[in-house]
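2 protein chains.
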Amino acid sequence: MVSLIIVGFGNVGRSLADIMLKDREYLHKTFGFNSEIRAICELKGALINKNGIDVENLLKLNDISQSSDWVPDKTALDVVKEVDADILVECSWVNKDTGEPAVSTLKAAMNRKMHIVSSNKGPFYLKYKELKEVADKNEVMMGMESTVLSAVPALAAKTTLAGTHIKSIRGILNGTCNYILSQMTQNGSSFDDALKEAKDLGYAEADPTLDINGYDAAGKIVILANVFLGWDKTIKDADIKGITEVTAEKIEQAKKENKYIKHVCTAKDGKLTAGTELIPMDSTLAVMGSLNLVEFETVHAGPYTFIGRGAGGPEAAAGILSDIINISLLKF
Amino acid sequence: MVSLIIVGFGNVGRSLADIMLKDREYLHKTFGFNSEIRAICELKGALINKNGIDVENLLKLNDISQSSDWVPDKTALDVVKEVDADILVECSWVNKDTGEPAVSTLKAAMNRKMHIVSSNKGPFYLKYKELKEVADKNEVMMGMESTVLSAVPALAAKTTLAGTHIKSIRGILNGTCNYILSQMTQNGSSFDDALKEAKDLGYAEADPTLDINGYDAAGKIVILANVFLGWDKTIKDADIKGITEVTAEKIEQAKKENKYIKHVCTAKDGKLTAGTELIPMDSTLAVMGSLNLVEFETVHAGPYTFIGRGAGGPEAAAGILSDIINISLLKF
Numbered sequence: 001m002v003s004l005i006i007v008g009f010g011n012v013g014r015s016l017a018d019i020m021l022k023d024r025e026y027l028h029k030t031f032g033f034n035s036e037i038r039a040i041c042e043l044k045g046a047l048i049n050k051n052g053i054d055v056e057n058l059l060k061l062n063d064i065s066q067s068s069d070w071v072p073d074k075t076a077l078d079v080v081k082e083v084d085a086d087i088l089v090e091c092s093w094v095n096k097d098t099g100e101p102a103v104s105t106l107k108a109a110m111n112r113k114m115h116i117v118s119s120n121k122g123p124f125y126l127k128y129k130e131l132k133e134v135a136d137k138n139e140v141m142m143g144m145e146s147t148v149l150s151a152v153p154a155l156a157a158k159t160t161l162a163g164t165h166i167k168s169i170r171g172i173l174n175g176t177c178n179y180i181l182s183q184m185t186q187n188g189s190s191f192d193d194a195l196k197e198a199k200d201l202g203y204a205e206a207d208p209t210l211d212i213n214g215y216d217a218a219g220k221i222v223i224l225a226n227v228f229l230g231w232d233k234t235i236k237d238a239d240i241k242g243i244t245e246v247t248a249e250k251i252e253q254a255k256k257e258n259k260y261i262k263h264v265c266t267a268k269d270g271k272l273t274a275g276t277e278l279i280p281m282d283s284t285l286a287v288m289g290s291l292n293l294v295e296f297e298t299v300h301a302g303p304y305t306f307i308g309r310g311a312g313g314p315e316a317a318a319g320i321l322s323d324i325i326n327i328s329l330l331k332f
Numbered sequence: 001m002v003s004l005i006i007v008g009f010g011n012v013g014r015s016l017a018d019i020m021l022k023d024r025e026y027l028h029k030t031f032g033f034n035s036e037i038r039a040i041c042e043l044k045g046a047l048i049n050k051n052g053i054d055v056e057n058l059l060k061l062n063d064i065s066q067s068s069d070w071v072p073d074k075t076a077l078d079v080v081k082e083v084d085a086d087i088l089v090e091c092s093w094v095n096k097d098t099g100e101p102a103v104s105t106l107k108a109a110m111n112r113k114m115h116i117v118s119s120n121k122g123p124f125y126l127k128y129k130e131l132k133e134v135a136d137k138n139e140v141m142m143g144m145e146s147t148v149l150s151a152v153p154a155l156a157a158k159t160t161l162a163g164t165h166i167k168s169i170r171g172i173l174n175g176t177c178n179y180i181l182s183q184m185t186q187n188g189s190s191f192d193d194a195l196k197e198a199k200d201l202g203y204a205e206a207d208p209t210l211d212i213n214g215y216d217a218a219g220k221i222v223i224l225a226n227v228f229l230g231w232d233k234t235i236k237d238a239d240i241k242g243i244t245e246v247t248a249e250k251i252e253q254a255k256k257e258n259k260y261i262k263h264v265c266t267a268k269d270g271k272l273t274a275g276t277e278l279i280p281m282d283s284t285l286a287v288m289g290s291l292n293l294v295e296f297e298t299v300h301a302g303p304y305t306f307i308g309r310g311a312g313g314p315e316a317a318a319g320i321l322s323d324i325i326n327i328s329l330l331k332f
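Here it is, written out as structure tokens:
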């Protein structure tokens, strides 16, 4: 039985609880996996039940503070000190410049010998090395698959492509950018109309600044470079451009040359870049809509390309659950 | 130090030895990985050196029986009984109907508590369940990533996509078929000319029958279905069609409908199929040339698509090496 603390119960946290409930039998049969949630931390308090929270009834509540397990004014840090668990899952709101409060929560959990799994990328594009040192010191695992393209097994390639010798990485790492550029390319939409559609469909945030200025995508290429290429960079080292200067005219001009304009991030030759590029129409990078993609160029066997949905509650939750299952297979 | 026995020293076996030699420092630094090859088995004898074969000098020989480590008339089975090693790597010639001699070698090695890694798919599309039982009984691992699309981490998705709940699988699983159809589609080549080019480029075997009749691709979907969907099927359960009835006219007709003709294998609703299908031009399945592709449809998060080179000596060797490294990370 794997015991969990979940920090953050928005779209991702709820999806995770929902999937673990619905797939309980499948997960037991397929991976010998059984779990219980001992605490769920929110901004204004926490649910705590050391015998396991009743998830089925909890998911019926719109406001989880109505649950009898609710303790007001408990912070995630309080919970980490008081509740024993195997794994802490971090999917709360995070300050993009400091990575807090997640960085402190993750460190405290690892120092209490908990493994951690996070869908928040802030802590890792800001303080990867620091967190890795705490993990190594405590001999615990850091599951961070969902920080880059949700459940697309990009970070897992560290081991799954171990024999290929990865030498550089590029990718289409932001679904909002790709959706906007695809709508402009395929349907002749204006930038503003495509952005509005992306918001309506839930791909873009209410404030999409960090998507369209390239910052979100850049954070992901920083993490990929540090994990795969052994670099020690932060987002401040990246050359970041967004998609706000793409016009209908530029897209039409590209199409005349049998090319698409795509927002591409690259880690190569010591440099981290994010910005628009002209991509041949028959390239594997020519994926459309909100799909994301990562491509590893290798020394021995050419490129390997992984494509999938890079955002969304169930998608991020599925990636978190993959990490949890893998930790449970290796450690328990 | 991970010790190896390699069975088969053709293109794949040589590539493996070559990569491990060239990447020695990289592998040590990146994965803490060190290896030595204690035996290499060929049809007419074996190289044996319990202190580790001198690979650098061996690779200079065209005929490895010239090495001072050569013992004539030793079979792989003899070697498994006489030489201690952590992992046996199987990349020899295999009978497509019986899986021999590889099946016997693999079983003997596992019964001697060696982990196994194989790029041969015959043993697994014929006798997966039997081999799995021997592995489980002896508590050893079976690395079989290279049996399906070489180093493309298709089988690794069992754990890397664990949280997504895979419900069906489809793929473009034979590079020769994809190359031929791509040449007919993009360059208007005839079937025969495209097949000849595929042979010249080394994608197709001298006898390409098993490629173009769909048998090779079907073997891979059988393995995928057994691993991911918990089925217990052999290649005899698959409905197999090839590409020999594709004509220039059919391809032109498809293009008029904005579609490509592709050779697609599917495992869905209890059925295994291999044959040609019409694929929309903007589908993720529309990969060209000799590239291969596998797509997992999931319950929680849509499809995940992996693309890469599915054949070739270094490509298969890179997949074998990924398996070896992963076993070493988990077991030693």
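Protein chains in written order, with UniProt numbering: chain Y, 1 to 332; chain A, 1 to 332.
Just so it is clear, CB atoms sit at the ideal spot from N, CA and C, and this is done for glycine as well.
Find the residues of chain Y that neighbour residue i, judging by a C-beta separation of less than 7 Å, and give them in chain order.
i	result
Asp-69 of chain A	By Cβ distance, chain Y contributes nothing, its closest Cβ being about 25 Å from Asp-69 of chain A, past 7 Å.
Val-152 of chain A	Tyr-304
Asn-326 of chain A	Thr-159 and Ala-162
Just grab the DSSP bridge partners of residue i for me.
i	result
Val-246 of chain Y	According to DSSP, Val-246 of chain Y bridges with nothing at all.
Arg-309 of chain Y	Y:Leu-291
Leu-4 of chain Y	Y:Ile-37 and Y:Ile-87
Thr-266 of chain Y	Y:Arg-170 and Y:Thr-273
Tyr-128 of chain Y	Answer is none; Tyr-128 of chain Y lacks a bridge partner.
His-115 of chain A	A:Ile-87
Glu-297 of chain Y	Y:Ser-168 and Y:Pro-303
Asp-239 of chain Y	Y:Thr-273
Quick one: list the residues of chain A neighbouring residue i, beta-carbon separation under 9 Å, in chain order.
i	result
Glu-297 of chain Y	Going along chain A, no residue has its Cβ under 9 Å from Glu-297 of chain Y, so there is no contact; the nearest lies around 11 Å.
Glu-139 of chain Y	None at all; the shortest Cβ gap to chain A is about 15 Å.
Arg-309 of chain Y	Ala-301, Gly-302, Pro-303 and Tyr-304
Asp-23 of chain Y	Gly-163, His-165, Val-299 and His-300
Glu-315 of chain Y	Thr-164, His-300, Ala-301 and Gly-302
Leu-329 of chain Y	Thr-159 and Ala-162
Any idea what DSSP makes of residue i, helix, strand or coil?
i	result
Leu-285 of chain Y	coil
Phe-191 of chain A	helix
Met-141 of chain Y	coil
Thr-273 of chain A	strand
Leu-278 of chain A	strand
Gly-99 of chain Y	coil
Glu-257 of chain Y	coil
Tyr-203 of chain A	coil
Gly-214 of chain Y	coil
Gly-230 of chain Y	coil
Gly-302 of chain A	strand
Pro-72 of chain Y	strand
Val-94 of chain Y	coil
residue 334 of chain Y	Not covered by the structure: residue 334 of chain Y. The range shown for chain Y is 1 to 332.
Ser-67 of chain A	coil
Pro-123 of chain Y	helix
Ala-198 of chain Y	helix
Gly-10 of chain Y	coil
Ala-135 of chain Y	helix
Ala-156 of chain Y	coil
Residues of chain A with CB closer than 8 Å to the CB of residue i, please, in chain order.
i	result
Val-287 of chain Y	Thr-284
Ile-320 of chain Y	Gly-163
Tyr-26 of chain Y	His-165
Chain Y partners of residue i, CB-CB under 8 Å?
i	result
Asn-120 of chain A	Residues of chain Y passing the Cβ test: none, with the nearest at roughly 17 Å.
Within 7 Å: the Cβ of residue i and any heavy atom of the ligand SAM?
i	result
Asp-282 of chain Y	Ligands displayed in this structure: none; no statement on the ligand SAM is therefore possible.
Can you pull the chain A neighbours of residue i, defined as C-beta to C-beta under 7 Å?
i	result
Phe-31 of chain Y	Ala-162
Ile-251 of chain Y	Chain A residues near Ile-251 of chain Y: none, gap ~16 Å exceeds 7 Å.
Alpha helix (DSSP H) runs wholly inside the segment 12-63 of chain A, at least 4 long, in chain order | 24-31 and 55-58
Report yes or no: do three or more beta-carbon pairs, one from the segment 118-126 of chain A and one from the segment 231-244 of chain A, lie closer than 8 Å?
-> yes
Count the C-beta pairs between the segment 165-173 of chain Y and the segment 293-305 of chain Y that are closer than 8 Å, then say yes if the count reaches three, no if not.
-> yes
At least three beta-carbon pairs within less than 8 Å, the segment 263-283 of chain Y to the segment 189-208 of chain Y | no
Does the segment 177-186 of chain Y come within contact of the segment 12-29 of chain A, defined as at least 3 CB pairs closer than 8 Å?
-> no
Three or more beta-carbon pairs under 8 Å between the segment 299-314 of chain Y and the segment 140-156 of chain Y, yes or no?
-> yes
Inter-stretch contact at 8 Å, needing at least 3 Cβ pairs: the segment 68-83 of chain A / the segment 45-56 of chain A | yes
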